[in-house]
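There are 2 protein chains.
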Amino acid sequence: MSFPPPHRARSRVDVSGEESRAKAVAAATELFALAGYKGTSVAAVAARTGLSQSGLLHHFPSKAALLAAVLEERDRQDGAFLTGSTSPPLGWAAFDALTALVARNSTRPRMVGLFVRLAAEAIEPSHPAHAWVQQHYAGIRTWLGEAVRTGVDRGEFRQDAPVESIVRTTVAVIDGLQQQWLLQPGELSMASEFEAHVSALRARWSSVEVR
Amino acid sequence: MSFPPPHRARSRVDVSGEESRAKAVAAATELFALAGYKGTSVAAVAARTGLSQSGLLHHFPSKAALLAAVLEERDRQDGAFLTGSTSPPLGWAAFDALTALVARNSTRPRMVGLFVRLAAEAIEPSHPAHAWVQQHYAGIRTWLGEAVRTGVDRGEFRQDAPVESIVRTTVAVIDGLQQQWLLQPGELSMASEFEAHVSALRARWSSVEVR
DNA sequence: GTCTATATTTCGATAGAC
DNA sequence: GTCTATCGAAATATAGAC
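Protein chains in written order, with this note's numbering: chain L, 88 to 298; chain E, 88 to 298.
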């Protein structure tokens, strides 16, 4: 009465491996968000994952590879939020989409912390997340820039609206609010403050008189 | 024909000590600005100072003490720029003062880098610069908040101007522009972008119709 | 005041057993 | 796939000579 060694045996091992890997990425995300990349040790990630240091490094050849996996997962979760919609928001509607993004970030302090820490660390070109951070900013600038330009063409914005400045300051507001929000959790609403910024932009650059 | 051992001998030693200390603070400022506090080793600061590691630690009992000296010097250089004027800028004039501050920062990438790195690192309460960063933000919020409230009282701003939001978003713009400026040096003018923000604020909240 | 030498951790990564 | 053991490098800090 022997049970046949099921395919599940092989399968279960694989699943466990996948689970360990996913757990490790989640643990690394949390710790990188709290202490940054340099401030987090592989051993700490391993401990939180429930593996030994070597056990963790079996899934990722190096600490930098672990970071790459974290960023990949971050992109996977966020990738389609702005650029992924089939009908891309255009004109002023782009700012409504951004408000929704900010509201969503307000429920994800870990992801916000991860970005703020890495963005500051990765200013240095030699940082393993440098290219990723630059691509992130380039992507947002392109998306929002095109949206505003379309708004100008459609007559939603004044014809003399300075597209690049609107884009730069809007991105700056989002980043700066995240810093303040992380430093004083609960003492400000990122979404409300961002809407105040959009309100000022509309007053200045909308083609219709709003105030 | 012996030269009397002059008081200068004692004095010269002291001066040299003071100079080494000052050099070390300058070196630490540069390196902290480039790689942050955690990413900079005491040995690297010592090498740039022209001292051995132990020679440096003779002046500062610990790495944290070195950071404290860096922050103290930073405050000494910047302390009087905003709050130090005898007649504090009030109302919209406060934003002109901020524009001047941003323009000044545009010539001091090291100081900007230092702040951006430390602000992100020191979100964590256990970071040795945590209290300093919180005080920095509290100070700016108080100063700008009072200026805007005075502007409201004087009738320069609309009576329904949301003071706290104006303060928060203005601080956010400054911080966010610094991040972008450090990441892409030369590709944006912090002063121009900040003025665009102030322009939008005036359009929205000035008591006189400006646009 | 500055140095050499060293103590003590901690880190990232590798080797090899199971 | 995971572990123990370990290596080599780098970090902070201290001791003691000059």
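Glycine included, every Cβ here is placed at the ideal spot set by N, Cα and C. This structure is a prediction, so every number in the text was calculated from the model and none was measured.
Checklist entry - In chain E, what lies closer than 9 angstroms to L:T310 by C-beta? => result Outside the shown range of chain L (88 to 298) lies residue 310 of chain L, about which nothing can therefore be said.
Item to check | Whether L:R298 touches E:A283 by CB criterion (9 angstroms) | outcome: For this step, residue 298 of chain L is matched to residue 211 along the first sequence. For this step, residue 283 of chain E is matched to residue 196 along the second sequence. Their beta carbons are not under 9 angstroms apart, which means L:R298 does not touch E:A283 by this criterion.
Checklist entry - For the region 223-238 of chain E, which residues have a beta carbon sitting closer than 8 angstroms to at least one beta carbon of chain L? => result Residues of the region 223-238 of chain E whose Cβ lies closer than 8 angstroms to any Cβ of chain L, in chain order: Y224.
Item to check | Per-residue DSSP class, three states only, for L:S293 | outcome: As a working mapping, residue 293 of chain L is identified with position 206 in the first sequence. Strand.
Item to check | Nearest-angstrom Cα separation, counted from E:L154 out to E:L143 | outcome: In the second sequence, the residue the question calls residue 143 of chain E occupies position 56. In the second sequence, the residue the question calls residue 154 of chain E occupies position 67. Answer to the nearest angstrom: the Cα atoms are 13 angstroms apart.
Item to check | Selection from E:G226, E:A278, E:A109 that minimises the alpha carbon distance to E:R255 | outcome: Here residue 255 of chain E corresponds to residue number 168 of the second sequence, with the count starting at 1. The shortest C-alpha to C-alpha distance from E:R255 to any of E:G226, E:A278, E:A109 is the one to E:G226.
Checklist entry - Do the region 157-168 of chain L and the region 130-140 of chain L meet, that is, are 3 or more Cβ pairs less than 8 angstroms apart? => result With a cut-off of 8 angstroms, the region 130-140 of chain L and the region 157-168 of chain L do not count as touching, because too few Cβ pairs lie within range.
Checklist entry - Where does L:F339 fall in DSSP's three states? => result Since the first residue of chain L shown is 88 and the last is 298, residue 339 of chain L is not available in this structure.
Item to check | Nearest to E:A180 (by Cα), restricted to the options E:P215, E:V239, E:H223 | outcome: Here residue 180 of chain E refers to the residue found at position 93 of the second sequence. E:A180 has its Cα closest to that of E:V239, out of E:P215, E:V239, E:H223.
Checklist entry - Within 9 angstroms (strictly less), CB to CB, does E:Q246 reach chain L? => result Taking the second sequence and counting its residues from 1, the one referred to as residue 246 of chain E is at position 159. Judged by the 9 angstroms Cβ criterion, E:Q246 is not in contact with chain L.
Checklist entry - Would E:L188 pass as a contact of E:L205 if the rule is Cβ separation under 9 angstroms? => result Locating residue 188 of chain E in the second sequence gives position 101, counting from the first residue. Locating residue 205 of chain E in the second sequence gives position 118, counting from the first residue. Not a contact, by the Cβ cut-off of 9 angstroms.
Item to check | Distance, L:W292 Cα to L:G232 Cα | outcome: Numbered from 1 along the first sequence, position 145 holds the residue referred to as residue 232 of chain L. Numbered from 1 along the first sequence, position 205 holds the residue referred to as residue 292 of chain L. Rounded to the nearest angstrom, the two C-alpha atoms are 14 angstroms apart.
Item to check | L:T194 burial status per 10 Å Cβ neighbour count (16 or more: buried) | outcome: Counting from 1 along the first sequence, the entry for residue 194 of chain L is found at position 107. Its Cβ having fewer than 16 others within 10 Å, L:T194 is exposed.
Checklist entry - By how many angstroms is the C-alpha of L:V112 removed from the C-alpha of L:Q266? => result As a working note, residue 266 of chain L is residue 179 in the first sequence. As a working note, residue 112 of chain L is residue 25 in the first sequence. The straight-line gap from Cα to Cα measures roughly 24 angstroms.
Item to check | Contacts around E:A114, its chain only, beta-carbon distance under 6 angstroms, and the 5 residues preceding and following it disregarded | outcome: What you label residue 114 of chain E is simply residue 27 of the second sequence in a count that begins at 1. The answer, listed in chain order, is V132, R135, T136.
Next on the checklist: My assumption, with CB atoms under 8 angstroms, is that L:V235 sits in contact with L:V258. Please give the rounded CB distance.
Outcome noted: Counting from 1 along the first sequence, the entry for residue 235 of chain L is found at position 148. Counting from 1 along the first sequence, the entry for residue 258 of chain L is found at position 171. Going by Cβ atoms, the distance from L:V235 to L:V258 rounds to 12 angstroms, so no, they are not a contact pair.
Next on the checklist: Residues of chain E with CB closer than 8 angstroms to the CB of L:S252, please, in chain order.
Outcome noted: Taking the first residue of the first sequence as 1, we reach residue 252 of chain L at position 165. In chain order, S279, E280, A283 make up the part of chain E whose C-beta sits under 8 angstroms from the C-beta of L:S252.
Checklist entry - Any beta-carbon of chain E closer than 9 angstroms to the one on L:K110? => result Position 23 of the first sequence, counted from the start, is the residue given in the question as residue 110 of chain L. Not closer than 9 angstroms to any Cβ of chain E, the Cβ of L:K110 fails to qualify, so no.
Checklist entry - Among residues of its own chain, excluding the 5 on either side of L:Q221, which ones have a beta-carbon nearer than 7 angstroms to its beta-carbon? => result Along the first sequence, read from residue 1 onward, the residue named residue 221 of chain L stands at position 134. Same-chain partners within the cutoff: there are none.
Next on the checklist: Between L:Q271, L:L177, L:A109, which has its C-alpha nearest E:R228's C-alpha?
Outcome noted: One-based indexing of the second sequence puts residue 228 of chain E at position 141. Check the Cα spacing between E:R228 and each of L:Q271, L:L177, L:A109: the tightest is with L:Q271.
Checklist entry - Counting along the chain, where does the alpha helix (DSSP H) carrying L:R195 start and finish? => result Numbered from 1 along the first sequence, position 108 holds the residue referred to as residue 195 of chain L. In the DSSP assignment, L:R195 falls outside any alpha helix (DSSP H), carrying neither H nor E.
Checklist entry - Under the DSSP definition of a beta bridge, which residues are partnered with E:F244? => result Against the second sequence, residue 244 of chain E aligns to sequence position 157. E:F244 is bridged to E:S293.
Item to check | Near-chain E residues of the region 190-208 of chain L - C-beta to any C-beta below 8 angstroms | outcome: Result list: G200, V203, R204, A206, A207, E208.
Next on the checklist: Does any residue of chain E have a CB that is nearer than 9 angstroms to the CB of L:G123?
Outcome noted: Here residue 123 of chain L corresponds to residue number 36 of the first sequence, with the count starting at 1. Yes - at least one Cβ of chain E is within 9 angstroms of the one on L:G123.
Next on the checklist: Can you give me the C-alpha to C-alpha distance between L:Y224 and E:E211, rounded to a whole angstrom?
Outcome noted: What you label residue 224 of chain L is simply residue 137 of the first sequence in a count that begins at 1. What you label residue 211 of chain E is simply residue 124 of the second sequence in a count that begins at 1. Straight through space, the alpha carbons of E:E211 and L:Y224 are spaced by roughly 25 angstroms.
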